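Down below is the structure, laid out as structure tokens.
Numbering (my numbering), first residue to last: 221 to 329.
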């Protein structure tokens, strides 16, 4: 599987969703941020503490984080282990059809 090069871009290029597989030998520095889309984060490896809205989680392989389009968050990545994860970004428009039919799965976030 191809691994994507991490950037600090926080704007979607696609209309509905984007999918990334990141693998970093050298941990990136990521500031606190928020974005207009929803995020599903699947942690594979590394030594990471992830803060979402003031609450910090020490991640273990297999952990899944859901952040909505308002949550302020950031990872703190410690060196020594590769930092690998899958990230899915979902635009608010992705959920629109479900909302129109009475099913708002964005409530999971």
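Here a beta-carbon is modelled for each residue, glycine too, at the ideal position from N, C-alpha and C. For clarity, every value in this text was computed on a predicted model and none was experimentally measured.
Excluding sequence positions up to five away, which residues of its chain have a Cβ less than 7 Å from the Cβ of residue i?
i	result
residue 305	242, 261, 262, 263, 264
residue 300	267
residue 340	Past the edges of the chain, shown from 221 to 329, lies residue 340, and the structure says nothing about it.
Have a look at the DSSP bridge pairing and note the partners of residue i.
i	result
residue 307	240, 261
residue 267	298
residue 286	260
With residue i and residue j assumed to form a contact (beta carbons below 8 Å), what rounded beta-carbon distance in angstroms separates them?
i	j	result
residue 257	residue 310	6 Å
residue 271	residue 293	6 Å
residue 297	residue 248	7 Å
residue 235	residue 313	7 Å
Closer than 6 Å by C-beta to residue i: which residues in its own chain qualify, once you throw out the five before and the five after it? Chain order, please.
i	result
residue 329	258, 286, 288
residue 240	224, 307
For residue i, which residues of its own chain have a beta-carbon under 8 Å away from its beta-carbon, when the five flanking residues on both sides are left out?
i	result
residue 277	269, 270, 271, 283, 285
Applying the 10 Å Cβ sphere with the 16-neighbour rule, what's the burial state of residue i?
i	result
residue 315	buried
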